[in-house]
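One structure is given below, encoded as structure tokens.
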Amino acid sequence: MKKILVKASKTYPVLIDTNLLGNCGNFIKEAVSPLPAKVAVFCDDKVEPLYADTVENSLKASGFETYRFIFKNGEEQKHIGTITQMIEFLAQNDFTRKDLAVALGGGVTGDMTGFSAAIFKRGIRFVQIPTTLLAMVDSSVGGKTGCNLSVGKNLAGAFYQPELVLCDISCLETLDDKNFSCGIAEAIKTAVIQDAELFDLFKKKVTSKDTETLKEIIGRCVEIKAGVVAQDEKESGLRQILNFGHTIGHAIEKLSSYKTAHGEAVAIGMAVITKAFTKLGKVNSALYGDLISVLETNSLPVKHNYTKQELFSAALSDKKRSADSITVVYSPELGKAELLPL
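Residue numbers for the sequence shown follow my numbering, so the first one is 1 and each next one is one higher.
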């Protein structure tokens, strides 16, 4: 088992291995102190039949009183109405600030559970158990929580760190190809901006059966993100490099009414930005071709049907905007990133 410590406003472990869910109760007992009496498991209706019983049985075996909250699967559920239902659920079941919330699922579940934990009674503890590759390599680590508003993505939220992140690679065996590729997109993003050697792993298509390769990819992505978060937890500077592909990506998600998945949108965003900055002479000439090749090898889109004005207007609602400027992240060469206010 691989263990990585994230050192932010609190220090917490990220555990990476296969077959971890059945022992999650013991991992929580080791990581969370003082121990909670009650644990609420939050998951969507797609994850619930796959893993909720396994997690709850382990929690009960470890002496915890368990509760379960289920919501519909999908990005369209990531709104303030669902958050209200989640915190009402905690209140109705008499949860205290010493109790615990568990996010069991992908990025949507992790973001909303973390945000609910951050605002319920001004903060209760929570644990991330990501079941998608995207959540394992990116969203479960670093403390970004939140939900979407009608104007744009992730406009309500808080920086709130978990007590533990449990990455069970076995969960990826039930992930469909589209969602698996979305996770690969975030991992490719990390490689482009921070790790040229990691980038090489994606030149051959990665599949959910490549357990050892996935362990290496997830571990390296978590290490990189942990290092960035340790230096800039609240995204005042360095952490913005992790948004490579995201400004355009979020605009595409919004314009498609969230029919374009997050990872797909990020892939397109990386391609668009890299092409634009290549034309400006700011990017190594070989990078654009290498990036397009790797994205397409891993079944990710690189093109869109929106006008420049549509993308720009949608991007203006991005939370990373300052006054009338948007900070754009680009990679001048593999393994490096630059920030440029526009």
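Beta carbons: idealized from backbone N, C-alpha and C, even for Gly. Only a predicted model underlies this, so the values are computations on that prediction, with no experimental measurement involved.
N-terminal and C-terminal residue of the beta strand (DSSP E) that residue i is part of
i           : result
residue 42  : 38 to 44
residue 339 : 338 to 341
residue 166 : 164 to 168
residue 6   : 2 to 7
residue 17  : 11 to 17
residue 268 : Looking at the DSSP string, residue 268 is not in any beta strand (DSSP E); the run it does join, the alpha helix (DSSP H), is 262 to 279.
residue 128 : 125 to 130
residue 67  : 65 to 71
residue 145 : 144 to 147
residue 157 : 156 to 159
Contact check, residue i vs residue j, beta carbons under 8 Å
i           : j           : result
residue 267 : residue 301 : yes
residue 182 : residue 83  : no
residue 126 : residue 117 : yes
residue 168 : residue 280 : no
residue 215 : residue 2   : yes
residue 14  : residue 228 : no
residue 114 : residue 145 : yes
residue 100 : residue 36  : yes
residue 201 : residue 172 : no
residue 12  : residue 163 : yes
residue 87  : residue 120 : yes
residue 73  : residue 45  : yes
residue 128 : residue 142 : no
residue 339 : residue 329 : yes
residue 104 : residue 199 : no
Whole-angstrom distance between residue j and residue i, CA atom to CA atom
i           : j           : result
residue 23  : residue 175 : 21 Å
residue 33  : residue 240 : 32 Å
residue 112 : residue 7   : 22 Å
residue 193 : residue 238 : 12 Å
residue 69  : residue 17  : 26 Å
residue 65  : residue 91  : 15 Å
residue 331 : residue 290 : 12 Å
residue 298 : residue 272 : 17 Å
residue 177 : residue 138 : 18 Å
residue 327 : residue 41  : 37 Å
residue 232 : residue 225 : 10 Å
residue 211 : residue 341 : 40 Å
residue 152 : residue 242 : 19 Å
residue 287 : residue 269 : 15 Å
residue 27  : residue 165 : 10 Å
residue 230 : residue 203 : 30 Å
residue 63  : residue 31  : 15 Å
residue 51  : residue 38  : 19 Å
residue 304 : residue 244 : 17 Å
residue 213 : residue 184 : 12 Å
residue 89  : residue 71  : 12 Å
residue 9   : residue 234 : 10 Å
residue 170 : residue 29  : 22 Å
Terminal residues of the alpha helix (DSSP H) in which residue i lies
i           : result
residue 344 : Residue 344 lies beyond the stretch modelled for the chain, which goes from 1 to 342, so this question has no answer here.
residue 82  : 80 to 92
residue 220 : 211 to 231
residue 343 : Since the first and last residues shown for the chain are 1 and 342, residue 343 lies out of range.
residue 24  : 24 to 31
residue 61  : 53 to 61
residue 254 : 246 to 255
residue 101 : Unbroken run through residue 101 is the beta strand (DSSP E), 100 to 105; no alpha helix (DSSP H).
residue 314 : 308 to 315
Where residue i falls, given that 16 or more other Cβ within 10 Å makes a residue buried
i           : result
residue 161 : buried
residue 97  : exposed
residue 56  : buried
residue 53  : exposed
residue 131 : buried
residue 140 : buried
residue 123 : exposed
residue 58  : buried
residue 285 : exposed
residue 179 : buried
residue 78  : buried
residue 76  : exposed
residue 208 : buried
residue 337 : buried
residue 61  : exposed
residue 5   : exposed
Cβ of residue i within 8 Å of any chain D Cβ
i           : result
residue 223 : Judged by its chain identifiers, the structure shown contains no chain D, having just a single protein chain.
Residue i beta carbon near the ligand NAP (any heavy atom closer than 7 Å)
i           : result
residue 328 : Ligands displayed in this structure: none; no statement on the ligand NAP is therefore possible.
Three CB pairs or more closer than 8 Å across the stretch 304 to 313 and the stretch 251 to 260: yes
Using 8 Å as the cut-off, can you tell me whether the stretch 254 to 261 makes contact with the stretch 155 to 174, which would need three or more C-beta pairs spanning the two stretches below that distance? no
When the Cβ atoms of the stretch 282 to 297 are set against those of the stretch 185 to 192, are three or more pairs found closer than 8 Å? yes
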